[in-house]
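Asks: Take a look at the following structure, please.
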Amino acid sequence: MNRSLLDPFQSLELPEQIEEYLDHGNARCVAYNPFGTLLAAGCQDGKVVVWDCATRGVAREYEGHSKQVTCLRWSKSGKHIISGGLDQCAVRYNVEKGAKDATVSLDAAVVSISVHHIQPHVCVASFAVGSPSRIDFTTKSVRAVPTVLLDAEAKQTKGAAQNSLLSAIALCDHAGDVIYVGQTRGTIAIVDANSLRFLDVIKVSGSPRILSLVLNSSGSHLAAICYDRVIRLYEVASFSGRAARRKSFTANEVISKATGRHQAPKAGSALLGSDAMLKLVREFQNAVERNQWRSVAFTADSEHLAAAAHSKTEHIIYIWNRDFGNLTRILEGPKQGVVDMDWHPARNMLASVSADGQIFLWVRVYRENWSAFAPDFEQLEENQEYVEREDEFDVNARAEAAPGDAPAGEEEEEDVDILTLDPDLMQDEDPDSLRHLPVHILPHDPPEASDPDKDAEGKAAAPAAEAVNEELEPSKSRPSSGGPTAGRAGRSKREQSSRTLDEPEALPSKRTRQ
Amino acid sequence: MSEKQELVVPEAELAEATVKPDSVKADLTAKKPGIPANFRLVHTLTGHSRAVVCVQFSPEGSILASASGDSTCKLWDSTSGQLLRTLEGHTKGLSAVCWDPDSKYVCTASDDKTLRIWQADNGQLLQELSGHTHFVFCCAYSPRGNLVASGGFDEVVRVWDPSHGTLLRVIPAHSDPVTAVDFSSDGTILVSCSYDGLCRLWDTENGACLKTMTDQQNPPVSFVKFSPNGKYLLTGTLDNQLKLWDKKAKVIKKYSGHKNSSHCLFAAFMPHASQAFVISGSEDHRIIVWNLNSKAELQVIPGKDNPETAGDGHCAPVICVSALKTGIFASGALEKDCTVKIWRDDNLVQLSQQAASPPL
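Protein chains in written order, with full-length UniProt numbering: chain C, 1 to 514; chain Z, 1 to 360.
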């Protein structure tokens with residue numbers, strides 16, 4: 001609703017500084033809900049804390065894991081959070097009810113989790129060791145997401161033992177039909193989300209291990225952190241219905257097809273050649289320091305890509321322009337490494353988790369728009385010589401102009417509609433999504449004022465303060481009101497009159513007006 | 001029971017009440033003034049020992065909160081008019097009351113420089129928001145219930161987190177007492193107005209000033225409220241006018257006929273299914289109901305000079321009104337009267353009931 005009044009350029013600017021430190025529990029990972037109204041943080045002690053982005057206060061706490069929470073994601077509707085932890089469990093929470101509603105035990109500690117966009121009860125969990133699993137929370141079934149090895153040496157020793165040592169990072173796409181699997185040996189496999197058969201396998205040049213995968217908000221670009229300290233940006237080809245129409249392969253078919261080709265390409269699709277489902281667009285790296293990357297995120301408008309350096313002692317986030325590849329900003333925080341970060345889904349705001357468990361909220365520095373403070377103020381780019389009008393200080397001309405009241409005279413006689421919301425706000429009313437948590441206010445401690453005895457006590461204890469107050473308010477007091485010694489009735493009469501304006505002493509500026 | 005109930009309105013007075021709208025209708029031949037309203041007194045709620053300064057229906061409509069200079073806030077059943085409970089604890093008179101969107105909590109603003117959050121169903125005091133350095137004059141709950149904004153004689157607007165009782169933001173908004181604050185329906189804009197004659201829009205997110213609205217004459221602004229959809233603003237100024245603004249700071253409608261030159265009167269929108277109304281009290285003890293679009297006075301509820309005089313109206317300046325979209329509104333009046341009255345237009349209520357439950 002405030003969109004029409006915002007400066008369109010200011011609101012696009014990238015964050016510059018830390019506005020707020022959120023410190024509650026020992027945060028290890030963060031995720032904004034799809035509307036940017038709530039921020040969930042997984043903690044060292046296994047709790048999940050949900051912060052209200054408007055108040056920057058804790059809205060809810062959920063218990064789910066017995067050990068550290070390593071990753072968490074919101075469902076698309078915002079009604080559920082799914083988290084993974086070191087206790088080898090994946091837990092689903094009902095956000096509104098404030099409790100976990102399902103737990104699935106797994107074989108290894110979870111390192112990343114991705115929630116299916118269409119079926120919120122389905123998620124894909126990735127592990128430090130072993131292939132990812134597709135978890136269905138309604139049936140509690142766990143299916144392994146297949147991985148495949150293409151390089152020659154792996155082929156020789158292929159077998160269960162070798163396979164289990166591999167790890168892979170899996171990510172659900174936004175259409176819900178494919179899963180991207182970033183594998184140890186430098187390949188990104190694209191797997192049909194339902195049949196779990198391979199659709200394509202993309203080789204990354206140099207075969208670095210894939211550490212992390214992130215999609216932008218529209219699902220059109222995929223960023224992969226690779227072990228060779230490069231973040232590779234892929235464009236996702238052919239958008240709708242790709243899984244259903246595509247030919248799918250089993251792992252063995254993939255291997256035979258990939259190796260059967262004459263010259264297996266060093267990079268690009270191993271199966272489809274130029275028709276690859278992912279096309280490399282750009283590579284981002286810190287060419288000077290060659291640092292490893294911890295976490296990557298797209299900005300809300302997907303114009304930029306932010307990446308946090310993997311460091312124990314430095315909190316550095318690099319932001320590049322996605323299309324041009326130039327480094328546009330470096331955010332430097334306190335001397336604590338970044339553990340995880342997430343970009344606000346609607347605004348240019350970033351939440352990063354530091355190694356000591358605090359969450360930093362990065363925003364741009366707000367510049368006061370002075371022209372908003374008065375209707376006749378105008379912001380100038382530079383100094384201007386003011387040329388006065390011929391009749392500017394002409395008394396007669398002014399007198400004529402003043403009572404004219406021109407804009408008020410053009411009162412529109414159009415009918416106004418005070419009920420219908422703007423279309424972009426209508427979606428806020430979507431009953432299938434949970435944007436906000438109902439506020440529960442708990443009495444923290446028995447406030448003294450509710451107890452008459454204590455109240456009196458408090459007053460006796462602070463007579464000085466009372467006197468000061470009375471002194472501060474003489475301008476408010478009317479002749480009729482008594483001094484500080486006047487009874488309660490006398491005082492509240494004066495107080496109650498504050499709804500009136502007939503207090504010339506109180507409002508010297510009013511005197512001229514009345 | 002201290003409160004009395006007055007249910008029946010004599011026929012003669014009814015007729016009297018409907019005379020005025022007709023005459024207004026005749027004056028505005030060119031326009032459709034709207035169907036005359038016929039609000040009749042349903043309940044007179046007595047119990048406050050000092051002026052009633054603010055009445056607010058809970059968002060779901062079943063409870064009416066009234067704040068008074070006697071430093072209490074009373075919650076009434078809006079259908080039966082029964083007193084449910086009295087919220088006591090403030091040490092000085094109240095100036096405003098507002099509800100959270102779930103109708104669970106009540107926030108009161110007092111001259112004791114604090115705001116308090118109460119649980120509506122048991123009257124328990126939950127939070128005390130202190131920080132204002134002078135009387136707190138107005139308060140508003142955000143539509144999500146996670147923020148409370150307040151303004152007062154210290155000329156600043158403060159934004160609070162009601163669930164933790166913390167002060168989130170201090171906006172040095174005006175150069176004179178802040179008389180009203182309100183949130184837009186999506187919570188992204190906060191509006192404040194002041195005796196300094198300005199009405200300012202603020203970005204809830206960062207406290208940035210988005211726009212300043214003022215009139216040529218610059219009369220003190222005593223009241224501001226967003227329309228239910230947040231597109232327009234209704235302001236009350238101490239030159240006896242209510243104005244409807246769009247967000248480009250342009251006056252679209254002006255409502256006049258009431259007297260408002262010294263008090264900060266609350267006005268209300270009643271977006272009934274049949275037509276939209278603007279309702280305001282008046283310092284000459286009357287209550288006026290306008291059609292939102294035609295600006296015609298559809299009904300004028302006459303006041304009276306002292307409590308003994310016959311008639312349903314208030315016998316003191318009617319400082320506050322609060323309306324439900326179903327065709328019911330409440331009004332409260334200053335000292336000498338100290339009552340809250342609930343008014344109802346049976347025709348409108350019936351229409352909205354039909355709309356709510358279509359006939360089988």
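Positions of the beta carbon are idealized from the N, C-alpha and C atoms, including for glycine.
Only a predicted model underlies this, so the values are computations on that prediction, with no experimental measurement involved.
Buried or exposed: which applies to Z:D154, given that a residue is buried once 16 or more other Cβ atoms fall within 10 Å of its Cβ?
Replies: Stepping through the second sequence from its first residue, residue 154 of chain Z is reached at position 154. Buried, because 16 or more other Cβ atoms sit within 10 Å of the Cβ of Z:D154.
Asks: Does DSSP classify C:N321 as helix, strand or coil?
Replies: Reading the first sequence from its first residue, position 321 is the one you call residue 321 of chain C. In this structure, C:N321 counts as strand in the three-state DSSP scheme.
Asks: Tell me which residues share the same chain as Z:A37 and place their Cβ nearer than 6 Å to its Cβ, disregarding the 5 neighbours each side in the sequence.
Replies: As a first step, residue 37 of chain Z is located in the second sequence; it is residue number 37 there, counting from the start. Cβ within range, chain order: V289, L298, Q299 and D345.
Asks: How should C:A144 be labelled, buried or exposed, when 16 other C-beta atoms within 10 angstroms of its C-beta is the threshold for buried?
Replies: Residue mapping note: residue 144 of chain C aligns to position 144 of the first sequence, counting from 1. Looking at its Cβ environment, which holds fewer than 16 other Cβ atoms inside 10 Å, C:A144 is exposed.
Asks: How big is the Cα-Cα spacing for Z:S150 and C:V230?
Replies: Within the second sequence, the letter at position 150 stands for residue 150 of chain Z. Within the first sequence, the letter at position 230 stands for residue 230 of chain C. So the alpha carbons of these two residues sit roughly 51 Å apart.
Asks: According to DSSP, is Z:K295 part of a helix, a strand, or is it coil?
Replies: For the purposes of this step, residue 295 of chain Z is identified with residue 295 of the second sequence, where counting begins at 1. Note: Z:K295 maps to coil in three-state DSSP.
Asks: Within 10 Å of its beta-carbon, does C:E410 have 16 or more other beta-carbons around it, so buried, or fewer, so exposed?
Replies: Residue mapping note: residue 410 of chain C aligns to position 410 of the first sequence, counting from 1. Residue placement at C:E410 is flagged as unreliable, the pLDDT there being 49, under the threshold of 50; a coordinate-derived value is accordingly withheld.
Asks: What residues match up with residue 518 of chain C in a beta bridge as DSSP calls it?
Replies: The structure shown does not extend to residue 518 of chain C, since chain C is modelled only from 1 to 514, so the question has no answer here.
Asks: Use the C-beta contact count for Z:V340: other C-beta atoms within 10 angstroms, 16 or more gives buried, fewer gives exposed.
Replies: By 1-based counting over the second sequence, the position of residue 340 of chain Z is 340. It counts as buried.
Asks: Nearest-angstrom Cα distance between Z:V318 and Z:F266?
Replies: Taking the second sequence and counting its residues from 1, one reaches residue 318 of chain Z at position 318. Taking the second sequence and counting its residues from 1, one reaches residue 266 of chain Z at position 266. The alpha-carbon atoms of Z:V318 and Z:F266 are separated by roughly 9 Å.
Asks: Going along chain Z, which residues have a C-beta under 7 Å from C:I441?
Replies: Indexing the first sequence from 1 puts residue 441 of chain C at position 441. Within chain Z, the residues near C:I441 are Y105, I117, L126, Q127, P162 and S163.
Asks: Using a Cβ cut-off of 8 Å (strictly closer), state whether Z:C209 contacts chain C.
Replies: Here residue 209 of chain Z refers to the residue found at position 209 of the second sequence. Yes, its Cβ sits closer than 8 Å to a Cβ of chain C.
Asks: Secondary structure at Z:L265, three-state DSSP: helix, strand or coil?
Replies: The residue labelled residue 265 of chain Z in the question sits at position 265 within the second sequence. Reduced to three states, the DSSP call for Z:L265 is coil.
Asks: Indicate whether at least one CB of chain C lies closer than 8 Å to the CB of Z:Y232.
Replies: Translated into the one-based positions of the second sequence, residue 232 of chain Z becomes position 232. With 8 Å as the cut-off, Z:Y232 counts as an interface residue toward chain C.
Asks: Name the DSSP beta bridge partners of Z:K253, please?
Replies: To locate residue 253 of chain Z, count along the second sequence from 1; it is residue 253. BP columns for Z:K253 point to Z:L244.
Asks: Using the Cα positions of Z:S294 and Z:H90, report the straight-line distance between them to the nearest angstrom.
Replies: Here residue 294 of chain Z is taken as the residue at index 294 of the second sequence, counted from 1. Here residue 90 of chain Z is taken as the residue at index 90 of the second sequence, counted from 1. Using only the alpha carbons, I get a separation of about 42 Å.
Asks: Spatial neighbours of C:A193 within its chain, please: CB distance less than 6 Å, with the 5 preceding and 5 following residues excluded, ordered by chain position.
Replies: Counting from one through the first sequence, the residue named residue 193 of chain C turns up at place 193. Contacts found: D177, V178 and I179.
Asks: Using 8 Å for Cβ pairs, my map puts C:V365 next to C:A27. What's the rounded Cβ distance?
Replies: Here residue 365 of chain C corresponds to residue number 365 of the first sequence, with the count starting at 1. Here residue 27 of chain C corresponds to residue number 27 of the first sequence, with the count starting at 1. The Cβ separation is near 24 Å, so there is no contact.
Asks: Return no unless some Cβ of chain Z is closer than 8 Å to the Cβ of C:A372.
Replies: Taking the first residue of the first sequence as position 1, residue 372 of chain C is located at position 372. Chain Z, which has a Cβ nearer than 8 Å to the Cβ of C:A372, makes this yes.
Asks: Taking DSSP as the reference, what is the three-state secondary structure of Z:I328?
Replies: Locating residue 328 of chain Z in the second sequence gives position 328, counting from the first residue. Three-state result, Z:I328: strand.
Asks: Going residue by residue through the stretch 48-102 of chain Z, where are the continuous beta strand (DSSP E) segments of at least 3 residues, counting only ones entirely within it?
Replies: If we require 3 residues or more, the beta strand (DSSP E) runs fully inside the stretch 48-102 of chain Z come out as 52-57, 63-68, 72-77, 83-88 and 94-99.
Asks: Can you give the Cα-Cα distance for C:S83 and C:V201, rounded to whole angstroms?
Replies: Reading the first sequence from its first residue, position 83 is the one you call residue 83 of chain C. Reading the first sequence from its first residue, position 201 is the one you call residue 201 of chain C. Cα to Cα, the separation comes out at about 28 Å.
Asks: Per DSSP, what kind of secondary structure is C:G458 in: helix, strand or coil?
Replies: As a position in the first sequence, residue 458 of chain C is number 458, starting the count at 1. Its pLDDT being 38, under 50, C:G458 is placed unreliably in this model, and the value from its coordinates should be taken loosely. Of the three classes helix, strand and coil, the one that applies to C:G458 here is helix, per DSSP.
Asks: With a cut-off of 8 Å on the beta carbons, I'd call C:E72 and C:A40 a contact; round off their distance for me.
Replies: Position 72 of the first sequence, counting from 1, holds the residue named residue 72 of chain C. Position 40 of the first sequence, counting from 1, holds the residue named residue 40 of chain C. Strictly speaking, residue 72 of chain C in this sequence is Leu, with Glu absent from that position. Yes, they are in contact, since the Cβ atoms of C:L72 and C:A40 sit about 6 Å apart, within 8 Å.
Asks: Only counting the same chain, and skipping five residues up and downstream in sequence, which positions put a Cβ closer than 7 Å to that of Z:A109?
Replies: Taking the second sequence and counting its residues from 1, one reaches residue 109 of chain Z at position 109. Answer for Z:A109: L94, S95, A96, L115, V136, F137, C138, C139 and S150, listed in chain order.
Asks: I'd like to know whether the C-beta of Z:K247 is nearer than 8 Å to at least one C-beta of chain C.
Replies: To locate residue 247 of chain Z, count along the second sequence from 1; it is residue 247. By this cut-off, Z:K247 is an interface position.
Asks: Could you tell me whether the stretch 208-225 of chain Z touches the stretch 382-393 of chain C, where touching means 3 or more Cβ pairs closer than 8 Å?
Replies: No, they do not touch.
Asks: Please name the residue, chosen from Z:C338, Z:Q275, Z:R40 and Z:W202, that lies closest to Z:D70 on a Cα-to-Cα basis.
Replies: Stepping through the second sequence from its first residue, residue 70 of chain Z is reached at position 70. Answer by Cα proximity: Z:C338.
Asks: Roughly how many whole angstroms lie between the Cα atoms of Z:S352 and Z:L234?
Replies: Your numbering for residue 352 of chain Z matches position 352 in the second sequence. Your numbering for residue 234 of chain Z matches position 234 in the second sequence. Whole-angstrom Cα-Cα distance: 24 Å.
Asks: Determine the closest residue to Z:F277 out of Z:A268, Z:S261, Z:L41 and Z:K92, with distance taken between C-alpha atoms.
Replies: Indexing the second sequence from 1 puts residue 277 of chain Z at position 277. Z:F277 has its Cα closest to that of Z:A268, out of Z:A268, Z:S261, Z:L41 and Z:K92.
Asks: Would DSSP call Z:Q127 helix, strand or coil?
Replies: Reading the second sequence from its first residue, position 127 is the one you call residue 127 of chain Z. In this structure, Z:Q127 counts as strand in the three-state DSSP scheme.
Asks: Considering only the alpha carbon of each residue, which of Z:A173, Z:G152, Z:V170 and Z:V148 lies closest to Z:D161?
Replies: The residue you call residue 161 of chain Z lines up with position 161 of the second sequence. Looking at the Cα atoms, Z:V148 is the closest of the given residues.
Asks: Comparing alpha-carbon positions, which option in C:L434, C:L380, C:N291 and C:D136 lies nearest C:E96?
Replies: Numbered from 1 along the first sequence, position 96 holds the residue referred to as residue 96 of chain C. It is C:L434 whose Cα lies nearest to the Cα of C:E96.
Asks: Please classify C:E195: is it buried, with 16 or more other beta-carbons within 10 angstroms of its beta-carbon, or exposed?
Replies: Locating residue 195 of chain C in the first sequence gives position 195, counting from the first residue. The sequence given here has Ser at residue 195 of chain C, not Glu. Flag for C:S195 reads exposed.
Asks: From the DSSP output, read off the bridge partner residues of Z:L198.
Replies: The residue given as residue 198 of chain Z occupies position 198 in the second sequence. Z:T214, per the DSSP bridge assignment.
Asks: Helix or strand or just coil, what does DSSP make of C:L14?
Replies: Taking the first residue of the first sequence as 1, we reach residue 14 of chain C at position 14. Of the three classes helix, strand and coil, the one that applies to C:L14 here is coil, per DSSP.
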